[in-house]
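Everything on this sheet refers to the single structure shown next.
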Amino acid sequence: MRTVSRLAVLLVSTGALAATAAAMEEATTPPGWSVAGTHPAEYEMGLDRATRRSGVASASLRGKTPTAGGFGTLLQEIDAAHYRGRRVRLSGYAKAAGVAGWAGLWMRVDGPQGVLAFDNMQSRPIKGTADWRRCEVVLDVPSGARAIWFGLLLSGPGQVWFDDLQVEAVDGAVPVTGTASQR
Amino acid sequence: MRRLMAVALVGVPLIAAVANLPAQTGDLPQGWLRMGDHPEDYEMRMDPGAGRTGKASATIKGKGPSPAGFGTLMQSTEAGEYKGKRLRLSGWVKAAGIGEWAGLWMRVDGPTPPGSSYPAMLAFDNMQNRPIKGTSAWKRHEIVLDVAPEATFISFGILLRGAGQAWIDDLSLDVVGKDVPVTGQGLQGPNKKPVNLDFES
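In order, the protein sequences belong to chains Z and W.
When you line the first sequence up against the numbering used here, it's residues 1 to 183, in that order.
When you line the second sequence up against the numbering used here, it's residues 1 to 201, in that order.
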């Protein structure tokens with residue numbers, strides 16, 4: 001489990017670089033979000049106006065083939081300044097259709113030397129087919145944090161939709177879901 | 001994972017890549033460097049009789065049936081006159097038996113951020129989303145990136161991952177108008193706050 005998580009950290013850590021190489025997807029990338037992952041070309045990622053929990057659109061990630069590998073992610077990076085010294089919760093609603101691998105929300109807190117905290121829901125993955133359900137990731141943002149990355153990921157075939165995300169500071173009574181690194 | 005590493009490594013600045021310089025002989029085109037994460041697995045040289053125009057082209061060839069990682073023939077130039085401009089790298093590539101992929105690539109570097117050992121990468125594209133594969137005659141390819149005003153260096157080249165051979169000729173770096181779409185994403189700085197969490201825009 002530890003090894004797996006570490007690998008996932010690595011993958012998402014390097015995701016930004018892959019993003020630069022990422023496909024110009026057919027689907028419209030939601031403004032403010034970036035397309036990334038190990039195999040971004042194998043996933044269609046973007047706005048979906050047909051399926052949504054509220055409003056006019058959701059974000060959809062779909063493995064393009066039965067052999068879609070690695071993972072694809074929609075992500076954004078924010079300045080940690082506003083959240084330093086606080087516990088931060090990323091929450092949202094997810095709907096799944098035939099997710100053969102897994103999907104999840106993820107969040108990563110980076111310091112000057114690397115990852116400070118991380119969770120990608122790999123321990124409680126979204127799988128199979130399921131209607132809209134709330135999920136969340138809670139991490140502490142240490143005072144030395146520089147950036148927070150968060151996003152939506154899908155590994156393998158199938159399709160997942162996310163909508164109505166929220167990033168907010170919560171109090172210490174809300175348990176963290178991820179691991180803090182020992183840096 | 002492996003493919004991602006290639007992306008990551010091409011993203012690694014010149015200084016890091018220099019440490020990987022192989023002791024390889026053969027005629028290197030003047031001004032070009034042999035790089036990559038496994039440059040020793042790739043033959044990179046001039047090919048005197050295989051030009052698209054003129055006499056020579058440059059070629060990169062995987063050694064054996066399953067060369068590791070990737071190799072790249074590249075060069076780096078000061079951002080100087082390109083700062084604030086949209087820059088197009090174009091070139092002609094011929095392919096033979098490329099099992100994985102090859103591509104032109106270009107990267108725009110900025111100043112090294114405080115606390116980091118590497119320059120910031122400002123923009124990047126390596127054609128991974130439109131790879132050159134298999135066997136094909138000379139075909140023109142291009143990379144278009146915005147060069148930010150704070151850019152310091154621009155690196156570019158051709159990369160090959162896996163078996164096969166690619167030839168490259170008649171490269172050109174041109175400033176183009178904003179009507180020419182960029183092929184790679186610029187790397188935006190972080191958002192101050194999360195945005196568009198309800199996907200309504």
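We put the CB at the ideal spot given by N, CA and C, even for glycine.
In the structure shown, Z:Asp171 adopts coil according to DSSP, grouped into three states.
For the 8 Å CB-CB criterion, Z:Arg86 and Z:Val176 do not form a contact. Judged by DSSP in its simplified three-state form, Z:His82 adopts helix. Excluding the 5 residues flanking it on each side, Z:Arg133 has same chain C-beta neighbours closer than 7 Å at Tyr93, Ala94, in chain order. For Z:Asp119, the enclosing beta strand (DSSP E) begins and ends at 114 to 119. Residue environment for Z:Arg62: buried (at least 16 other C-beta atoms within 10 angstroms of its C-beta). Within a 10 Å sphere around the beta-carbon of W:Arg161 sit 16 or more other beta-carbons, which makes this residue buried.
A buried status is given to W:Arg34, since no fewer than 16 other beta-carbon atoms sit within 10 Å of its beta-carbon. For W:Gly80, the three-state secondary structure derived from DSSP is helix. If you look at Z:Ala130, you'll find it in the beta strand (DSSP E) that goes 126 to 141. W:Leu171 and W:Ala123 have their C-alpha atoms spaced approximately 20 Å apart.
Within the same chain, Gly134, Thr135, Ala163, Gly164, Gln165 come within 8 Å of W:Gly97 by CB-CB distance, once the 5 residues on both sides are set aside. Contact annotation for Z:Ile78 against chain W: Pro190, Asn191, Lys192, Lys193, Pro194 [CB-CB distance below 8 Å, chain order]. As summarised for the segment 45 to 72 of chain Z, there are no continuous alpha helix (DSSP H) elements at least 4 residues long confined to that stretch. What W:Glu200 touches in chain Z, judged by beta-carbon distance under 8 Å, is Gly55, Val56, Ala57, going in chain order. When DSSP reads this structure, W:Leu33 sits in a beta bridge with W:Met74. Counting only the Cα atoms, Z:Ala180 lies some 33 Å from W:Asp125. Contact note: W:Leu173 does not reach chain Z at a C-beta cutoff of 9 Å; the least C-beta distance is about 19 Å.
Taking a 10 Å sphere around the C-beta of Z:Val56, we find fewer than 16 other C-beta atoms and assign the residue as exposed.
With distances taken between CA atoms, W:Arg140 lies nearest to W:Arg52 out of W:Arg107, W:Gly64, W:Arg52. Residue contact check for W:Gln128 against chain Z: a CB pair falls below 8 Å. Annotation: the continuous beta strand (DSSP E) that includes W:Gln165 extends over 165 to 176.
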